[in-house]
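Visitor: To convert a position in the sequence shown, counted from 1, into my numbering, add 199. Quick reminder that beta carbons are idealized off the backbone N, C-alpha and C, glycines included.
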Amino acid sequence: MMPNASAAPAGSGLAGRPTVLQLAFRERSVLAAAYIPLFHEGGIFVPTTKPYRLGDDVFVLLVLPEDPRRHHVAGKIAWITPSSATGNRPPGVGIRFPSDEKSRSVKELIEHTIGALLASDRPTQTI
Numbered sequence: 200m201m202p203n204a205s206a207a208p209a210g211s212g213l214a215g216r217p218t219v220l221q222l223a224f225r226e227r228s229v230l231a232a233a234y235i236p237l238f239h240e241g242g243i244f245v246p247t248t249k250p251y252r253l254g255d256d257v258f259v260l261l262v263l264p265e266d267p268r269r270h271h272v273a274g275k276i277a278w279i280t281p282s283s284a285t286g287n288r289p290p291g292v293g294i295r296f297p298s299d300e301k302s303r304s305v306k307e308l309i310e311h312t313i314g315a316l317l318a319s320d321r322p323t324q325t326i
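(1) Tell me which residue opens and which closes the beta strand (DSSP E) that residue 270 is part of.
(2) Nearest CA to the CA of residue 268: which residue from 217, 219, 314 and 308?
(3) Would you tell me roughly how many angstroms separate the C-alpha atoms of residue 276 and residue 226, rounded to the nearest one?
(4) Since residue 222 and residue 253 are thought to touch, with beta carbons under 8 Å apart, how far apart are those beta carbons, to the nearest angstrom?
(5) Closest by CA to residue 244, which one among 250, 219 and 232?
(6) Give me the Cβ distance between residue 224 and residue 230, rounded to the nearest whole Å; I'm assuming they're in contact under 8 Å.
(7) Mark residue 249 as exposed unless 16 or more other C-beta atoms lie within 10 angstroms of its C-beta, in which case mark it buried.
Written out as structure tokens, the structure is:
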């Protein structure tokens, strides 16, 4: 699991309902390592060993550094890093945000929060 973040599935509830994942980022560098700028709509990496399939619907509750609000984003699993991944990559899933106004707002807020870290050459958990 990534430091200073928690991914806690809240259960899938009834069949066909998306899993709820909660992430609380306390540091900008940790958020920058999890953010997926390669997705046009934005996205976030969630460390988990729970099995998912590409295209699964998920609901993400994000708490960003220095922002007490919980930001809600519905997304889809767009990639999976298995536990057998090389290069010390943590197992988890990449969640692609949908193309809607709420998600654009969250994407802009994340990019504003991480600022110059977005252009950093530091390795991330996603690429």
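Guide: Walking through what the data contain:
(1) By one-based count along the sequence shown, residue 270 stands at place 71. Taken as a continuous stretch (DSSP letters only), the beta strand (DSSP E) holding residue 270 covers 269–280.
(2) As a position in the sequence shown, residue 268 is number 69, starting the count at 1. Nearest option by C-alpha distance: 308.
(3) Along the sequence shown, one-based indexing puts residue 276 at 77. Along the sequence shown, one-based indexing puts residue 226 at 27. Cα to Cα, residue 276 sits roughly 24 Å from residue 226.
(4) Translated into the one-based positions of the sequence shown, residue 222 becomes position 23. Translated into the one-based positions of the sequence shown, residue 253 becomes position 54. With a Cβ gap of about 20 Å, residue 222 and residue 253 do not count as contacting.
(5) As a working note, residue 244 is residue 45 in the sequence shown. Considering only alpha carbons, the answer is 232.
(6) Along the sequence shown, one-based indexing puts residue 224 at 25. Along the sequence shown, one-based indexing puts residue 230 at 31. Their Cβ separation, rounded to whole angstroms, is 4 Å, which keeps residue 224 and residue 230 in contact under 8 Å.
(7) The count along the sequence shown starts at 1 and reaches residue 249 at position 50. Classification of residue 249: exposed, given that the 10 Å Cβ count is below 16.
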